[in-house]
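Chemist: Supplied in C-alpha cells, the structure appears directly below.
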Amino acid sequence: MQRLIEGVHKFRNDEFGNYRRLFRKLSQEGQKPHTLFITCSDSRVLAELITQSNPGDLFVVKNVGNIVPAASVTGDTNSTAAAIELAVENLRVSDIVICGHSQCGAISALIGETPVNDRTPHLRDWLRLAAPVLDTLKKDYAHLKTADERSTAAAEENVLFGLDNLHSYHCVQERLMDGTLRLHGWFFKIVTAELFAYGPGTKQFSPLVREYDAAPPSAT
C-alpha cells in the first residue's frame with residue numbers, strides 16, 4: 000500500500016502538470032472514448048500502456064479471463080454486459096477490442112491446468128460461462144501436446160467466443176448493421192509485448208500491423 004501512496008504523490012507532484020490541461024478538458028466535456036477495450040484482470044496486461052493511450056481514450060473493462068458473457072446471462076455474473084451497453088449505447092464508441100493474452104491464469108484454470116474447486120465458487124461459476132471454449136479445444140485442438148500450446152489455443156478461441164457473444168447484444172447488433180461499430184479480436188504475448196490481431200479472411204491471429212481489417216458482423 001505504501002508503494003501506491005507514494006505513486007499517488009509522485010503523480011500529483013511530478014506528472015500531473017503534463018496532464019493538467021487534458022484533465023480539465025475531460026472534466027468539463029465529459030468522457031468520449033473511441034474504443035471499448037475488454038481485457039483480462041491480469042496485472043501484466045495494461046490497455047493504456049500497450050496502446051499508448053491517454054486518459055479519456057479507452058473505456059476499459061477488465062475481468063478474469065476477458066470473458067464476454069452472452070446477453071442472456073443476468074445477475075451477478077454479467078456486470079460486463081452493463082459496461083458493453085454503456086459504451087455502445089451511451090458513449091457511442093466506434094470500436095470494441097477483446098484482448099486475450101499469453102500465460103493467462105483464468106485460461107489455465109478453464110482447461111484444468113490449475114485447480115478450481117468449492118473454495119472458489121465465484122471463479123468456478125464465472126469460468127463455466129466459457130465452457131464452449133473447452134468444447135472447441137477438444138474438437139479442433141486434440142493434437143496439441145503441451146500445456147502452453149493448449150493454453151494459447153484456448154486463449155485465442157476465448158477471444159473469438161467473446162466476439163460471437165457480442166452479437167447477442169441488441170445495441171451491438173444495431174450499430175453493426177448501420178456500420179458505426181467495428182469489432183476486433185487481439186492477443187497479447189507478454190514475453191515480447193507483441194500484439195496479434197484476428198483476421199477474418201485468414202482466420203488466424205497475425206502480428207498487428209498499422210492497417211488491418213476489423214471483424215465484420217458475419218466474420219465471427
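Quick note, the sequence shown lines up with residues 0 to 219 if you use numbering that gives the first Met the number 0. The beta-carbon is built from N, C-alpha and C at its ideal position, and this holds for glycine as well.
Please report the straight-line C-alpha distance between I83 and I49, rounded to a whole angstrom.
Modeler: Cα-Cα distance, rounded: 21 Å.
Chemist: Following the continuous alpha helix (DSSP H) through N157, name the residue where it begins and the one where it ends.
Modeler: Per DSSP, N157 belongs to the alpha helix (DSSP H) from 146-165.
Chemist: For V171 versus V87, is the C-beta distance shorter than 9 Å?
Modeler: Taking 9 Å as the Cβ cut-off, V171 and V87 qualify as a contacting pair.
Chemist: If you measure from the CB of L182, is any heavy atom of the ligand GTP nearer than 8 Å?
Modeler: Ligands displayed in this structure: none; no statement on the ligand GTP is therefore possible.
Chemist: Return the Cβ separation of F187 and E155 in integer angstroms, given the expectation that the two are a contact with Cβ distance under 8 Å.
Modeler: That pair is no contact at about 11 Å.
Chemist: Verify whether the separation of the beta carbon atoms of I4 and G161 is less than 9 Å.
Modeler: The answer is no: Cβ separation not under 9 Å.
Chemist: Using a Cβ-Cβ cut-off of 7 Å (strictly less than) and excluding sequence neighbours within five positions of S217, which residues of its own chain qualify?
Modeler: With a pLDDT of 41 at S217, under the threshold of 50, the modelled position of that residue is not reliable, and the figure given next carries that caveat. Taken in chain order, the list of residues that qualify is empty.
Chemist: Helix, strand or coil for D94 per DSSP?
Modeler: Three-state result, D94: strand.
Chemist: Within 10 angstroms of its Cβ, does H100 collect 16 or more other Cβ (buried), or is it exposed?
Modeler: Classification of H100: buried, given that the 10 Å Cβ count is 16 or more.
Chemist: Grouping DSSP H, G and I as helix and E and B as strand, with all else coil, what is R118?
Modeler: Here R118 sits in coil by DSSP.
Chemist: Kindly indicate which three-state DSSP category S26 falls into: helix, strand or coil?
Modeler: Note: S26 maps to helix in three-state DSSP.
Chemist: DSSP state of F104, grouped into three classes?
Modeler: First, the residue type needs correcting, since residue 104 is Gly and not Phe in the sequence shown. Note: G104 maps to helix in three-state DSSP.
Chemist: Opposite K188 in the DSSP bridges: which residues?
Modeler: In DSSP, K188 forms a bridge with E193.
Chemist: Assuming P131 is part of the alpha helix (DSSP H), what are its boundary residues?
Modeler: It spans 130-139 - the alpha helix (DSSP H) in which P131 sits, taken as one unbroken run.
Chemist: Under the rule that 16 or more other beta-carbon atoms within 10 Å means buried, what is L45, buried or exposed?
Modeler: Its Cβ having fewer than 16 others within 10 Å, L45 is exposed.
Chemist: How would you label N65, buried or exposed, when you count the other beta carbons within 10 angstroms and need 16 or more for buried?
Modeler: Looking at its Cβ environment, which holds 16 or more other Cβ atoms inside 10 Å, N65 is buried.
Chemist: If we call anything under 9 Å between Cβ atoms a contact, is I97 one with G184?
Modeler: Against a cut-off of 9 Å, the Cβ pair of G184 and I97 comes out as a contact.
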